[in-house]
Amino acid sequence: MREGVNNTKGVKVDYSHTNHRIIIPFYISDGKDFYKDNLRILELSLKSLKAHSVYYHKITLICNGNRNVLIEKELISYYQEGFIDELLFFPEPIGKVNAILKVLRDVPEYYVTISDGDVFFADNWDQHVIDVFKNHKKAGAVSPIPIMRSHSGYTINLWVDYFFSSKLKFKSPADVSGIEHFARSIGWPHLPQYYKEHILTVECNNHTAVVGHSHFCATYKTTVFKNLPKENPVYLLGNNSMFPYLDKPTIKCDAYRLATYKTNGFHLGNTYVENNELYKINTFQKKREIPVFGNELKAQPLTYFIKFKVISKLMKLSSFKKYFYSKKGLPAKVMDHFL
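Numbering-wise, the sequence shown is residues 9 to 347 according to the working numbering.
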């Protein structure tokens, strides 16, 4: 028997609380081998987000993989302590991209950050990301962590736009130690000297950004995801499963994939390393609302076809790349390492 009136009927959902959603997929492992430290690393990541963010945000943690009561209890404690705002569990392995899509398809916020659970966010990381959006109007995705060799990762549209401009050029990295840290985090024994001296950058409004970024952490204008594929990927990871869902939507809007010039975070990898100086959690900051810059990004299929299907055939030729990179200031002696 029903009595009374449901007082939520006809009431609109309030989305005005924030303009920034952060999505973190997390694989619940058996706690052994490759994933033995992943819970400790996730905790450090969440604490850095809470302490070092300038702007209000909402965090959604999406867990999938093995059932583990102890790990699930720990994850629930993160929610109870206010480190995350939404906690989703899927009791079987569904893969990184499928986990992200569970939330991404319905994100109402203007910005969405998609990050692995092994990223340490430095002080004011989100302010530096927003500075890129503010000054580079065609920015569609921005990472707080610049890396080596990102210049040719789905960036042809930017190459075309800045082909004759001196504002696109190779420069010395702003933060060599940050790029060295990333190299070590993915198993490189050392960072070659040529990556310490050259990185492709673009300048706009006297602001410098790095061209391209990796998948492990980036902030997107949510409107680029309006035309996501209806089908979900069939692979848990790899086999180019990320391109249709994270890369193509951005470049389909003729938007740029960029990174901050300076390092504003660290990739922690799968092994917990004590570093109280580098991974120091500073005093929590008072938050403010994140600013919104630029118009809504919309799909431009004709522009995408011309730049990525026609012009890119020329630009992907080694002979053309050598000419282009030389034109943008890369010395001939290191050219082969950037092709």
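Even glycine gets a Cβ: it sits at the ideal position worked out from N, Cα and C.
Where do the N-terminal and C-terminal ends of the alpha helix (DSSP H) with residue i fall, by residue?
i	result
His136	Trp133 to Asn143
Val168	Ile164 to Asp169
Ser53	Asn46 to His60
Phe328	Ser326 to Lys335
Ser320	Ser320 to Met323
Tyr312	Pro309 to Tyr312
I'd like the span of the beta strand (DSSP E) that includes residue i, first residue to last.
i	result
Ala217	His215 to Val219
Tyr119	Tyr119 to Ser123
Phe34	His28 to Ile36
Lys177	Leu176 to Lys179
Phe129	Val127 to Phe129
His383	Residue 383 lies beyond the residue range present for the chain, which begins at 9 and ends at 347; the question has no answer from this structure.
Val150	Ala147 to Ser151
Compare the beta carbon distance of residue i and residue j with 8 Å and say whether it is the shorter of the two.
i	j	result
Met343	Phe332	no
His28	Tyr119	yes
Pro33	Ile70	yes
Leu57	Ile84	no
Val219	Gly148	no
Val210	Leu176	yes
Asp93	Ile67	yes
Gly74	Asp38	Gly is not the amino acid found at residue 74; the sequence shown has Asn there. In this structure, Asp38 lies closer than 8 Å to Asn74 by Cβ.
Thr268	His65	no
Ser193	Leu276	yes
Would you please state the rounded distance, in angstroms, between the beta carbons of residue i and residue j? I believe it to be under 8 Å.
i	j	result
His144	Leu254	The pair is not a contact, with the Cβ atoms about 19 Å apart (cut-off 8 Å).
Cys225	Pro152	6 Å
Leu208	Lys336	7 Å
Thr230	Glu117	6 Å
Glu80	Phe97	7 Å
Ala307	Cys261	6 Å
His206	Leu338	6 Å
Val168	Lys315	5 Å
Tyr43	Asn278	7 Å
Pro241	Asn106	6 Å
Ala59	Phe292	5 Å
Tyr162	Ile259	5 Å
Between the alpha carbons of residue i and residue j, how many angstroms are there, rounded?
i	j	result
Val62	Lys295	5 Å
Glu297	Asp134	11 Å
Leu50	Val127	8 Å
Ala263	Asn213	17 Å
Lys20	Asp114	Because Lys20 carries a pLDDT of 49, less than 50, the predicted location of this residue cannot be relied on, and the following value inherits that uncertainty. Between Lys20 and Asp114, the C-alpha separation is close to 16 Å.
Ile164	Glu82	44 Å
Gly18	Ile138	Residue confidence for Gly18 is low, a pLDDT of 49 falling below 50, so the modelled location carries little weight and cannot support an answer.
Ser249	Glu239	12 Å
Pro99	Tyr35	10 Å
Asn290	Phe274	15 Å
Asp45	Ile319	45 Å
Ser160	Asn72	32 Å
Glu89	Val300	29 Å
His189	Glu282	14 Å
Leu325	His345	15 Å
Leu47	Pro257	31 Å
Glu285	Pro237	43 Å
Val150	Met156	15 Å
Tyr202	Thr227	28 Å
Ser174	Leu52	41 Å
Val184	Ser327	29 Å
Phe251	Leu112	15 Å
Lys110	Ser222	21 Å
Ile108	Asn303	25 Å
Phe182	Phe172	Per the sequence shown, residue 182 should be read as Ala rather than Phe. Computed Cα separation, rounded: 24 Å.
Could you name each continuous alpha helix (DSSP H) segment of 4 residues or more that falls completely within the region 65–103, going from the start of the chain to the end?
Whole alpha helix (DSSP H) segments, 4+ residues: 77–88.
Unbroken alpha helix (DSSP H) runs of length 4 or more, entirely within the region 188–267: which are they?
Counting whole runs of 4 or more residues, the region 188–267 contains the alpha helix (DSSP H) stretches 201–205 and 256–260.
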